[in-house]
Amino acid sequence: MQVTRTSPVVQLDGRAFRRSLNKTGRYVRKPMDDAESLALMEEHGVGYSSTGLVARMRANGNLWQEGVKLAKAYGYCWGVERAVQMAYEARKQYPNSKLHVTNEIIHNPAVNQRLKEMEVNIIEDVGKGKDFSGIKGEDVVILPAFGASWQEMKMLSDKGVQIVDTTCPWVAKVWSAVDNQARKQHTSIIHGKYSHEETIATASFATTYLIVRDIPETQYVVDYILNGGDREEFLAKFSNAMSEGFDPDRDLLRIGLANQTTMLRDETLTIGKMLEKTMMQKYGPAELKDHYMVLDTICDATQERQDAVTELVQKQSDPAERVDFMLVVGGFNSSNTSHLQEIPEMAGVPSFWVNSAACVDVEHNKITHKLAHGELVETQPWLRDGPITVGVTSGASTPDRAVEEVLDKLFRIKDPSFSGIAQLSMEAALTPPSRPEH
Ligand code: SF4
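In UniProt numbering, the protein residues as written are 1 to 438.
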């Protein structure tokens, strides 16, 4: 069956546009692997830790004595480390140029602060949109790990600036998926958060799109596809999450799935199955390929971190394996960190999400932490007396140093004589002779 759709939106050839940037001679999208920049990152505490506490734990089977268990996969993902490295390399390569980033380079306050100290101007939307007026043609502009919309890229290219594009290749793979969907006149159903920078960038490369946040929203869409519904209600519900001129009666005939790379993988897979089943039910197996497109664009790094937390909290009935609580370190605006917080919460294991060591008050044994649904709360007293076992993880945009600084404070609450992470005698405080149930 031939399906036609007349969309009011002008089609963008995203791939051709990105290729055109390459030809300008003012566009870089690969790191140089400069050893000095990597060393400086570690010195600044925004790179890989080769000698600190986290490095020691790695060398000791991810354990600090018995009392602290580091998740098997945690912290910086490949794409984030690469982005910070490219920013450091750009600073070194253009020492006399003004440097800007079109957003936070990654969602970590310490890393962004370091860049500010290196005179990198971070252009943030503080409620009135971003102000690019200060960027001049001779400047260097860095695009963050989660990318930038094509409109921003075009505006920067038209200004004649040098662009350093740190967009993670996994994110670019999603853009290719929505390019394909647009070319085949399919609407991109994007599993993501409509205000997240990565999803904003991905949506910009789609001709027609609808953003669904979760399974209930997908169910609403599925019901509409199968049974029709209240069009005005649909438009109001997704008013911030759809392309201009979106019409649910016209634009849901052919669809494809895309995702924000930091969403829960299982949720993305479930949403994909729901959409596929719906189109199969509506059009039959023979017509399915004309109505539904899917490409595997799920990032392994996000999944590995989620699996590692699941592993840490799933054996609570085994005294040898249980943890008293999870400590989750990562930026409060980091989507992937929020999912790491969600997993223990859903498993009934206490979980404390902090964005830096400043959240821990050693003197008063108090912690300020964020819950998965966004509320910032204080817990006091935080650590009980006696031996405890702590599971530790960190978001994909969190440098090792941030974890080390939080653990340092935890150790000092347990042992006021603790004099820093170089001290190796925490055994008494943190090693339980036998683990009490609690
Ligand atoms: S989480 Fe995955 S997609 Fe996102 S920056 Fe890291 S490696 Fe890339």
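Don't be surprised by glycine CBs; every beta carbon is placed ideally from N, CA and C. On a predicted model such as this, the values are computed, not experimentally measured, just so you know.
### Message
Tell me whether residue 47, by its Cβ, gets closer than 8 Å to a heavy atom of the ligand SF4.
### Response
Shortest gap from the CB of residue 47 to any heavy atom of the ligand SF4: 8 Å or more.
### residue 422, buried or exposed, once every other Cβ within 10 Å from all chains shown has been counted against 16
Per-residue confidence for residue 422 stands at a pLDDT of 48, beneath the threshold of 50, marking its modelled position as unreliable; the derived number appears in the next sentence. Counting Cβ neighbours within 10 Å, residue 422 comes out exposed, since fewer than 16 surround it.
### Task
Specify, as a first and last residue, the run of the alpha helix (DSSP H) that residue 112 falls within.
109-117
### Query
Between 119, 383, 71 and 137, which lies nearest to residue 411 when the distance is taken from Cα to Cα?
383
### Coil, strand or helix - residue 205 by DSSP
helix
#### Entry: DSSP three-state assignment for residue 148, whether helix, strand or coil
coil
### Query
Can the beta-carbon of residue 126 be found closer than 9 Å to that of residue 101?
No, Cβ-Cβ distance for residue 126 and residue 101 is not below 9 Å.
#### Entry: Three or more C-beta pairs below 8 Å linking the region 175-193 and the region 104-111
no
### Neighbourhood of residue 229 by C-beta distance below 7 Å, restricted to the same chain and skipping five residues each side
223
### Message
So residue 80 and residue 46 are supposed to be a Cβ contact under 8 Å. How far apart are they, rounded?
### Response
Wrong, their Cβ atoms sit about 10 Å apart, outside the cutoff.
### Query
For residue 165, which three-state DSSP category applies?
strand
### Query
Cβ of residue 145 versus every heavy atom of the ligand SF4: is any distance shorter than 8 Å?
yes
#### Entry: Whole-Å CB distance - residue 87 paired with residue 115, under 8 Å assumed
6 Å
### Query
Can you check whether the CB of residue 159 is closer than 9 Å to the CB of residue 391?
Residue 391 places its beta carbon 9 Å or farther from that of residue 159.
### Burial state of residue 152 (16 or more Cβ within 10 Å)
buried
### Query
Which value, in whole angstroms, describes the spacing of the CA atoms of residue 374 and residue 231?
Roughly 31 Å separates the two Cα atoms.
#### Entry: Reference residue 330, options 305, 316 and 317, closest by Cα
305
### Query
What are the uninterrupted segments assigned as beta strand (DSSP E) that are 3 or more residues long and contained completely in the region 248-279, given in chain order?
255-259
### Message
Is residue 77 a contact residue of the ligand SF4, with contact defined as CB to any heavy atom under 8 Å?
### Response
In terms of side-chain proximity, the C-beta atom of residue 77 is found nearer than 8 Å to a non-hydrogen atom of the ligand SF4.
### Query
Which class does residue 86 belong to by DSSP, given the choice of helix, strand or coil?
helix
### Task
Taking only heavy atoms of the ligand SF4 into account, decide whether any of them is closer than 8 Å to the Cβ of residue 301.
yes
### Message
residue 93 and residue 41 - do their beta-carbons sit closer together than 9 Å?
### Response
no
### Query
What are the boundary residues of the beta strand (DSSP E) that residue 98 is part of?
That residue, residue 98, is in no beta strand (DSSP E); it is neither H nor E in DSSP.
### Task
Express the C-alpha separation of residue 417 and residue 196 in angstroms, rounding to a whole number.
43 Å
### Task
Could you pull out every unbroken alpha helix (DSSP H) segment of at least 4 residues lying fully inside the region 314-386, listed in chain order?
335-346
### Task
May I ask you to list the residues that DSSP assigns as paired with residue 210?
189 and 242
### Query
At a cut-off of 8 Å, is residue 201 close to the ligand SF4 when judged by its beta-carbon and the heavy atoms of the ligand?
no
### Task
Return yes when the C-beta of residue 110 is under 8 Å from any heavy atom of the ligand SF4, and no when it is not.
Checking the Cβ of residue 110 against the ligand SF4 gives no.
### Query
Would you say the beta carbon of residue 393 comes nearer than 8 Å to a heavy atom of the ligand SF4?
no
### Message
Considering only DSSP beta bridges, list what residue 391 is partnered with.
### Response
69 and 326
### Query
In the DSSP assignment, what are the bridge partners of residue 121?
100
### Task
Reducing DSSP to helix, strand and coil, say where residue 27 ends up.
strand
### Query
Bridge partners of residue 142, per DSSP?
Residue 142 is bridged to 101 and 164.
### Message
For residue 434 and residue 347, what's the separation of their Cα atoms in angstroms?
### Response
Annotation note: pLDDT 35 at residue 434 (below 50); position unreliable, no value reported.
### Task
Leaving out five residues on either side along the sequence, give the residues of the same chain with a beta carbon under 8 Å from the beta carbon of residue 52.
The answer, listed in chain order, is 400, 401, 404 and 421.
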